[in-house]
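A.B. asks: Dropping a structure here in structure tokens format, bear with me for questions.
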Amino acid sequence: MDFAAVDDFLLAHLGGDDDVLAAALARADAAGLPAINVSAPQGKFLYLLARLVGAHRILEIGTLAGYSTLWLARGLADGGHLDTIEIDAGHADVATANFAAAGLADRITLHRGAALDVLSDLAGPYDLVFIDADKQNNAVYFDHAVRLGRPGTLIIVDNVVRGGDILAPLDEKALGTVALFAALKVDPRVEATALQLAGAKGWDGIIVARVR
Ligand code: SAH
Ligand code: MG
Numbered sequence: 000m001d002f003a004a005v006d007d008f009l010l011a012h013l014g015g016d017d018d019v020l021a022a023a024l025a026r027a028d029a030a031g032l033p034a035i036n037v038s039a040p041q042g043k044f045l046y047l048l049a050r051l052v053g054a055h056r057i058l059e060i061g062t063l064a065g066y067s068t069l070w071l072a073r074g075l076a077d078g079g080h081l082d083t084i085e086i087d088a089g090h091a092d093v094a095t096a097n098f099a100a101a102g103l104a105d106r107i108t109l110h111r112g113a114a115l116d117v118l119s120d121l122a123g124p125y126d127l128v129f130i131d132a133d134k135q136n137n138a139v140y141f142d143h144a145v146r147l148g149r150p151g152t153l154i155i156v157d158n159v160v161r162g163g164d165i166l167a168p169l170d171e172k173a174l175g176t177v178a179l180f181a182a183l184k185v186d187p188r189v190e191a192t193a194l195q196l197a198g199a200k201g202w203d204g205i206i207v208a209r210v211r
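Mapping the sequence shown onto numbering that gives the first Met the number 0, position 19 (from 1) lands on 18, and the numbers just tick up by one.
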């Protein structure tokens with residue numbers, strides 16, 4: 000028994016990827032993209048969060064092949080829109096194809112470029128922000144998320160446990176994540192918690208924050 004087998008059990012009972020989402024992952028794999036997307040239960044969790052907050056505007060930082068994007072976009076309220084940011088042109092091309100194949104291209108704007116550049120040009124307020132790009136800039140991305148939010152905006156940050164590496168951060172991704180935790184410790188603008196997650200993608204976690 001392992002985390003992946005339990006994920007299979009959960010998905011078999013509660014539902015996960017349909018044909019469109021499976022095809023999105025297959026297109027990513029065929030293009031040689033790394034399989035660092037959220038897992039299916041995590042994707043459905045993002046979808047449910049979007050539904051629960053009634054999200055009309057969602058911002059995602061870090062698109063990859065658009066797997067998490069598709070889950071989030073499916074959770075948009077009627078007439079809602081999602082902005083997602085991706086620096087890698089090859090990743091963005093695959094994501095663009097996935098959005099079209101899913102019939103969701105009209106609900107998603109893919110911004111090509113470095114998040115730090117794109118974020119300065121965006122205007123809020125967003126109802127939900129999902130931060131899942133390079134981890135070195137997490138604290139800056141979080142700052143933008145708050146700026147682009149409003150009271151009640153939900154901010155999710157992915158990969159904040161890193162197999163426990165945050166306790167003894169050595170690489171710049173773990174260091175960037177710890178820098179975000181240090182910033183949150185003294186940030187009066189949000190109330191936040193973090194959850195450890197285990198599953199097919201191993202041991203990691205998310206920050207869940209609400210703008211005051
Ligand atoms: N959210 C996706 C996974 C994203 S992986 C999912 O769960 O399906 C992280 C992505 O962030 C990669 O595609 C990487 O190219 C992108 N990225 C890395 N640095 C970036 C930056 N500075 N600006 C924008 N995107 C960046
Ligand atoms: Mg991630």
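The C-beta atom is built at its ideal place from N, Cα and C for all residues, glycine as well.
For a minimum of 3 consecutive residues, which ranges assigned as the beta strand (DSSP E) are wholly contained in the region 30-75?
C.D. replies: As far as the region 30-75 is concerned, its whole beta strand (DSSP E) runs of at least 3 residues are 56-60.
A.B. asks: Using 8 Å as the Cβ pair cut-off and three pairs as the minimum, do the region 157-170 and the region 192-208 touch?
C.D. replies: With the cut-off at 8 Å, the region 157-170 and the region 192-208 touch.
A.B. asks: Is it buried or exposed for S67, if we count other Cβ within 10 angstroms and need 16 for buried?
C.D. replies: Counting Cβ neighbours within 10 Å, S67 comes out buried, since at least 16 surround it.
A.B. asks: Along the chain, where does the alpha helix (DSSP H) that runs through T83 open and close?
C.D. replies: No alpha helix (DSSP H) contains T83, which is instead part of the beta strand (DSSP E) from H80 to E85.
A.B. asks: Taking the C-alpha atoms as reference points, what is the distance between A29 and G53?
C.D. replies: When rounded, the distance between both Cα atoms is 34 Å.
A.B. asks: From the DSSP output, read off the bridge partner residues of G198.
C.D. replies: DSSP lists G201 as partners of G198.
A.B. asks: So, helix, strand or coil for R146, using DSSP?
C.D. replies: In this structure, R146 counts as helix in the three-state DSSP scheme.
A.B. asks: Tell me whether H143 is buried or exposed, calling it buried when 16 or more other Cβ atoms sit within 10 Å of its Cβ.
C.D. replies: It counts as buried.
A.B. asks: Would you give the residue range spanned by the alpha helix (DSSP H) that L10 belongs to?
C.D. replies: F2 to L13 is the extent of the alpha helix (DSSP H) around L10.
A.B. asks: Using the DSSP secondary-structure output, state which residues sit across from F129 in a beta bridge.
C.D. replies: Paired residue(s): E59 and I155.
A.B. asks: Helix, strand or coil for R106 per DSSP?
C.D. replies: It is helical.
A.B. asks: Specify the secondary structure class of R209 as computed by DSSP and reduced to three states.
C.D. replies: Strand.
A.B. asks: Check V117 in the structure and name its three-state DSSP category.
C.D. replies: Looking at V117 - three-state DSSP - the assignment turns out to be helix.
A.B. asks: Whose C-beta lies closer than 8 Å to the C-beta of L183 among residues of the same chain, with five residues either side of it excluded?
C.D. replies: Within the same chain, L183 has close Cβ partners F141, V189, A191, I206 and A208.
A.B. asks: Name the DSSP beta bridge partners of A191, please?
C.D. replies: Answer is A208.
A.B. asks: For my contact list, L127 and N97 are in at a C-beta cut-off of 8 Å; report their separation, rounded to the angstrom.
C.D. replies: That belief does not hold up - the Cβ atoms of L127 and N97 are roughly 20 Å apart, past 8 Å.
A.B. asks: Mind listing, in chain order, the residues whose beta carbon lies closer than 5 Å to a non-hydrogen atom of ligand 2?
C.D. replies: Any residue whose Cβ sits closer than 5 Å to a heavy atom of ligand 2 makes the list: D131, D157 and N158.
A.B. asks: Going by the C-beta, is G14 closer than 8 Å to any heavy atom of ligand 1?
C.D. replies: Because no heavy atom of ligand 1 lies under 8 Å away, the Cβ of G14 does not count as near it: no.
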